[in-house]
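Q: Quick note, my numbering runs 45 ahead of the 1-based positions in the sequence shown.
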Amino acid sequence: MAAAAVERTKGVTARRTHNNKQTIMLTHLYIRNFTLIDELDIEFKGGFSVITGETGAGKSIILGAIGLLLGQRADMKTIKQGAEKCVVEAHFNLTGYDMEHFFADNDVEADIGDTIVRRELTASGKSRAFLNDTPVALTVLKELGERLIDVHSQHQNLLLGKHDFQLSVVDIIAADQQELSDYRSVYLAYRDANQQLEALKAQLDQSRKQADFMQFQYDELTAARLVDGEQEELESRSDTMTHAEDIKQGLYQASEALGAEGAGVLTQLRKAQQAMAGVEKVYANAADLAQRLESAYVELKDVAAEVESDLDDVDFDPAELDSINSRLDRIYDLQKKYKADSVAALISIRDTFEAKLSAIENSDELLAEQEQACAALAAACREKGLVLTGLRTKAALLIEKQMHQRLTLLGMHHVRFQVAVEKGEVSRSGYDRIAFLFSANTSTPLQPVSQVASGGEIARVMLSLKAMISGAVKLPTIIFDEIDTGVSGKMAEQMARIMAEMGQGGRQVISITHLPQIAALGSTHYKVYKEETPRGTTSHMLMLGSDERVQEIAQMLSGSDVTQAAIENAKQLLKI
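(1) With 7 Å set as the bound, which would you pick, yes or no: does the beta-carbon of Y377 sit closer than that to a beta-carbon of chain D?
(2) Beta-carbon separation of A504 and V460 under 7 Å?
(3) Are the Cβ atoms of D702 and S198 separated by less than 7 Å?
(4) Going straight from the alpha carbon of S499 to that of V464, what length do you get?
(5) My parser needs the beta strand (DSSP E) runs of 3 or more residues fully inside the stretch 500-582; what are they?
(6) Which residues does DSSP list as the beta-bridge partners of I194?
(7) What residue range is occupied by the uninterrupted beta strand (DSSP E) comprising S403?
(8) Quick one, are the C-beta atoms of M321 and A341 less than 7 Å apart?
(9) Contact check, F137 vs G548 under 8 Å by CB: the rounded distance?
(10) Considering Cα atoms alone, identify which of E502, E188, I76, V573 is closest to F483.
(11) CA-CA distance, Y263 and D237?
(12) Compare the beta carbon distance of L71 and T522 with 7 Å and say whether it is the shorter of the two.
(13) Looking at the secondary structure, which residues open and close the alpha helix (DSSP H) in which I376 lies?
(14) How big is the Cα-Cα spacing for I106 and R229?
(15) Indicate the three-state DSSP secondary structure (helix, strand or coil) for D86 in the structure shown.
(16) Going straight from the alpha carbon of S393 to that of A413, what length do you get?
(17) Using 8 Å for Cβ pairs, my map puts L74 next to A135. What's the rounded Cβ distance?
(18) If I'm right that G309 touches A302 with Cβ under 8 Å, what's the distance once you round it to whole angstroms?
(19) What's the gap between the Cα of E124 and the Cα of L452?
(20) Using the Cβ count rule (16 or more neighbours within 10 Å means buried), how would you classify D257?
(21) Which runs of the beta strand (DSSP E), 3 residues or longer, sit entirely within the stretch 130-199?
(22) Looking at C-alpha atoms only, which residue of A174, E88, H146 is the closest neighbour of A119?
(23) So is K66 buried or exposed if we call it buried at 16+ other beta carbons inside 10 Å?
(24) Around the Cβ of M513, are there at least 16 other Cβ atoms within 10 angstroms (buried) or fewer (exposed)?
(25) For I76, collect the residues of the same chain with a Cβ closer than 6 Å to its Cβ; drop the 5 residues on either side in sequence, then sort them by chain order.
(26) Quick one: what does DSSP say K346 is sitting in, helix, strand or coil?
(27) T582 to M121, Cα distance in whole Å?
(28) Can you give me the Cβ contacts of M601 inside the same chain, cut-off strictly under 6 Å, excluding the 5 residues immediately before and after it?
(29) Work out the CA separation of Q596 and V573 for me, nearest whole Å.
(30) If you count every other CB in all the chains shown that lies within 10 Å of the CB of D477, and 16 or more means buried, which is it?
(31) V352 to Y297, Cα distance in whole Å?
(32) If we count Cβ pairs, one from each stretch, closer than 8 Å, do we get three or more for the stretch 425-443 versus the stretch 243-258?
(33) What does the alpha-carbon distance come out to for the pair Y142 and I157?
(34) Quick test of your reading: D221 and L433, contact by CB under 8 Å. State the CB separation rounded to the nearest angstrom.
(35) Cutting at 7 Å between CB atoms, please list the residues of its own chain near E445, excluding the five before and the five after it.
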C-alpha cells in the first residue's frame, strides 16, 4: 500500500476490491493539496463516464493532476498555499494489457490488478515519482502514461494540420509497424551511406587541392632516405669525432698505466702473483690469493689490449665529421619543419602522405564503390517504401469509408473526406506525404481539413478519428476534454453515443462536457464544484446518484434557476 494511501482516514482499501469482471484501467484517484483541492478521493468505473461542472469549478485541475501522473513536469506553484506537500496517486487495473514486461524492464515489482502510480511535490521544490511504491524516473512514468491514458484536449485539434499526425493515423489503420520498422532500418543505413559519401567527396576535394604540396612533401621526405635509429647513431659518432683528441689522450694514459715497461700495472700484478705462488707450500691462503691475482691479471690484460685497439681506431677525420653533422642538420631541419621529435615520426608522416596520395589516385574507384553502395540501399528503400505505400493506400480507402460513415451519423450528410497519399521526399517514414482533405458539402472543393473545417466540424472529425483508432489499437483509457466545443443538440447526443460505443469492450472513456445531451448518456456521472470555506476556495468532485444527475442535467439545461420543465427534460434525456 502506498505511503499516501496509509495517511488516508477513509476506507479506501475496501473500495478497491475489483469484483467487476470487466477490465477497468483507471480505478481510483487520490489528490491532496493540489491547487484548489484539499483532498479528493474518488473511484472510477468502466465504460463511458462524464464529468460536468461550472466553468472554473476545477475540471482542469483534475486533468492537471492526472497530467502529473503521466510524467508531465511539475510546477511547484500548484501546491496548495500553506501546504508542505502535494500528493497525486492513481490506481490502475492492467489486466489483459500485457504490461508485465514493462515492469521487468524497469526493475519494478508488478501488481497488474492494482498498479499504483504516485507523484509527490514538496514546497521545498522536490518532485518524486513512484510506481508500486518504487521510486522511478519521470521518464518511466511518461512511458507508462502513454500506454495508460490518452487525454484529448481542445489544443489536440491542432494536430489535424500536422502531416506527421495524419501519417500516424494512416499507419495505425494500416497496421504496418513491422513494414515501417523494416523500411526504417534500410533508410537509416542509406542515410549513413550518403553521409559517408558526402564526407568522402569533401575529403577527396580537399586532398586534391593539396595534392601538389603533399607530393612535394612526400618527395622531400622520401629523398631524405630516412632510416629509423640513424639519428642516435650519427649523434654518437659526432660526439666521438668532436672529442677525438681528448679520447686518444685518455686511452694513451690508460695504456701506459697498464702496460708501461717494468712499472705498469700488469708487470706489478704479475710480480704479486708470483710472490704468492712462491709461498703456497708454507702459507695455506697463498694459493687462493695467487689464483685471484691470476684472474685479475688476465682481465686487465684483456682491457689493455682493448685500450690499445681503440687507440689505433680513434682518429679525427674532418671530412667525415662534416658529413655526419650535415646529415644531422638535415634531419633536424625536417623534424622542425614537420613538427616531429624523431626519425620514426618523420617516416610515419611520409607514409601518411603516401596513403593520401594513393587515395587521390584511386579516388574514382573509391567514389564508385561508395556510390554503388548508396544506390543499392536507395533501391532497397524504394522497394520497402513501395510496400508501405501500398498498405497506406489501402488503409486510406478504409479510413475514407469509415470517416464518411461516422461523420454522416454526426449530421454531416454531404461530407467528403479524402486521405490523399502523395509521393514526397524520402524520409525516415517513407516516401508518402499524407493529407486529410475535407469538404462539408458537395459544392465546395476538397481542401486540407484544418483550413476549411469549422470548430464544430473539427470536433466531430477528431472524435471520429479517435473512435476509429481506438478500434485498431489498445487505447485503454481515453479522456475527452470538452471535445464537444461548437456542437449542440442532436449532434452532441450522437457524439455521446459514439463515445459510449468506444467505452464498450473493456475500454474506459471519460468526457468532460458542458452539454446535457452528452452528460445524460454517461453510465457514470461525476460533478466538479467549488466551495467557499474559511480557509479559502476549494474544489471537490463526487459521483452523482440518480436524483443528483437529474438535478445536475436540469441545471445544465436551464441555468441556476432550475424549472420543473428542465427537470422533466432532464428525465427524458436520462430516459427515467
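Idealized CB from N, CA, C, for every residue including glycine.
Here the structure is a predicted model, which means the values were calculated and not measured.
A: Reading it off the structure:
(1) Included in the structure is just one protein chain, with no chain D present.
(2) By 1-based counting over the sequence shown, the position of residue 504 is 459. By 1-based counting over the sequence shown, the position of residue 460 is 415. No, Cβ-Cβ distance for A504 and V460 is not below 7 Å.
(3) As shown, the chain starts at 46 and ends at 621. That puts residue 702 outside it, with no answer to give.
(4) The residue labelled residue 499 in the question sits at position 454 within the sequence shown. The residue labelled residue 464 in the question sits at position 419 within the sequence shown. So the alpha carbons of these two residues sit roughly 19 Å apart.
(5) Within the stretch 500-582, complete beta strand (DSSP E) segments of at least 3 residues are found at 522-526, 553-557, 569-578, given in chain order.
(6) The residue labelled residue 194 in the question sits at position 149 within the sequence shown. Looking at the DSSP output, I194 shares a beta bridge with T522.
(7) Numbered from its first residue, the sequence shown carries residue 403 at position 358. Per DSSP, S403 belongs to no beta strand (DSSP E); it is in the alpha helix (DSSP H), 388-406.
(8) Counting from 1 along the sequence shown, the entry for residue 321 is found at position 276. Counting from 1 along the sequence shown, the entry for residue 341 is found at position 296. Not a contact, by the Cβ cut-off of 7 Å.
(9) Start at 1 with the first residue of the sequence shown, and residue 137 comes out as number 92. Start at 1 with the first residue of the sequence shown, and residue 548 comes out as number 503. About 16 Å separates the two Cβ atoms, so there is no contact after all.
(10) Here residue 483 corresponds to residue number 438 of the sequence shown, with the count starting at 1. Among E502, E188, I76, V573, the Cα nearest to that of F483 is on E502.
(11) Numbered from 1 along the sequence shown, position 218 holds the residue referred to as residue 263. Numbered from 1 along the sequence shown, position 192 holds the residue referred to as residue 237. Straight-line Cα distance between these residues: approximately 33 Å.
(12) In the sequence shown, residue 71 corresponds to position 26, counting from 1. In the sequence shown, residue 522 corresponds to position 477, counting from 1. Their beta carbons are under 7 Å apart, which means L71 touches T522 by this criterion.
(13) Mapped onto the sequence shown, residue 376 falls at position 331. 363-382 is the span of the alpha helix (DSSP H), which, as asked, contains I376.
(14) Translated into the one-based positions of the sequence shown, residue 106 becomes position 61. Translated into the one-based positions of the sequence shown, residue 229 becomes position 184. When rounded, the distance between both Cα atoms is 40 Å.
(15) Taking the first residue of the sequence shown as 1, we reach residue 86 at position 41. Residue state, collapsed to three classes: strand.
(16) As a first step, residue 393 must be located in the sequence shown, where it is residue number 348. As a first step, residue 413 must be located in the sequence shown, where it is residue number 368. Going from the Cα of S393 to the Cα of A413 covers about 29 Å.
(17) The count along the sequence shown starts at 1 and reaches residue 74 at position 29. The count along the sequence shown starts at 1 and reaches residue 135 at position 90. Their Cβ separation, rounded to whole angstroms, is 5 Å, which keeps L74 and A135 in contact under 8 Å.
(18) Position 264 of the sequence shown, counting from 1, holds the residue named residue 309. Position 257 of the sequence shown, counting from 1, holds the residue named residue 302. Contact holds; Cβ gap of about 7 Å.
(19) Within the sequence shown, the letter at position 79 stands for residue 124. Within the sequence shown, the letter at position 407 stands for residue 452. Residue identity check: residue 124 is Ile in the sequence provided, not Glu. Rounded to the nearest angstrom, the two C-alpha atoms are 43 Å apart.
(20) The count along the sequence shown starts at 1 and reaches residue 257 at position 212. Exposed, by the Cβ-count rule.
(21) 130-137, 160-167, 172-176, 179-181, 194-197
(22) The residue labelled residue 119 in the question sits at position 74 within the sequence shown. Among A174, E88, H146, the Cα nearest to that of A119 belongs to A174.
(23) Translated into the one-based positions of the sequence shown, residue 66 becomes position 21. Low confidence applies to K66: its pLDDT is 43, below 50, so where it sits in the model is not reliable, and the reading given next is rough at best. Its Cβ having fewer than 16 others within 10 Å, K66 is exposed.
(24) Translated into positions along the sequence shown, residue 513 becomes position 468. Result: buried.
(25) As a working note, residue 76 is residue 31 in the sequence shown. Annotation for I76: I82, L85, A110, V133 place their beta carbon closer than 6 Å to its own, counting only its chain and skipping 5 residues before and after.
(26) Taking the first residue of the sequence shown as position 1, residue 346 is located at position 301. Helix.
(27) Sequence index remark: in the sequence shown, residue 582 carries index 537 (1-based). Sequence index remark: in the sequence shown, residue 121 carries index 76 (1-based). One C-alpha to the other measures close to 19 Å.
(28) By one-based count along the sequence shown, residue 601 stands at place 556. Cβ within range, chain order: P561.
(29) Indexing the sequence shown from 1 puts residue 573 at position 528. Indexing the sequence shown from 1 puts residue 596 at position 551. Taking the straight line joining both Cα atoms gives about 14 Å.
(30) Walking along the sequence shown from the start, residue 477 turns up at place 432. That one is buried.
(31) Translated into positions along the sequence shown, residue 352 becomes position 307. Translated into positions along the sequence shown, residue 297 becomes position 252. Rounded to the nearest angstrom, the two C-alpha atoms are 8 Å apart.
(32) The stretch 243-258 and the stretch 425-443 do not touch, with fewer than three beta-carbon pairs separated by less than 8 Å.
(33) The residue given as residue 142 occupies position 97 in the sequence shown. The residue given as residue 157 occupies position 112 in the sequence shown. Distance between the alpha carbons of Y142 and I157: 9 Å.
(34) Numbered from its first residue, the sequence shown carries residue 221 at position 176. Numbered from its first residue, the sequence shown carries residue 433 at position 388. Their Cβ separation, rounded to whole angstroms, is 6 Å, which keeps D221 and L433 in contact under 8 Å.
(35) The sequence position of residue 445 within the sequence shown is 400, counting from 1. So the qualifying residues of the chain are F462, Q463, V464.
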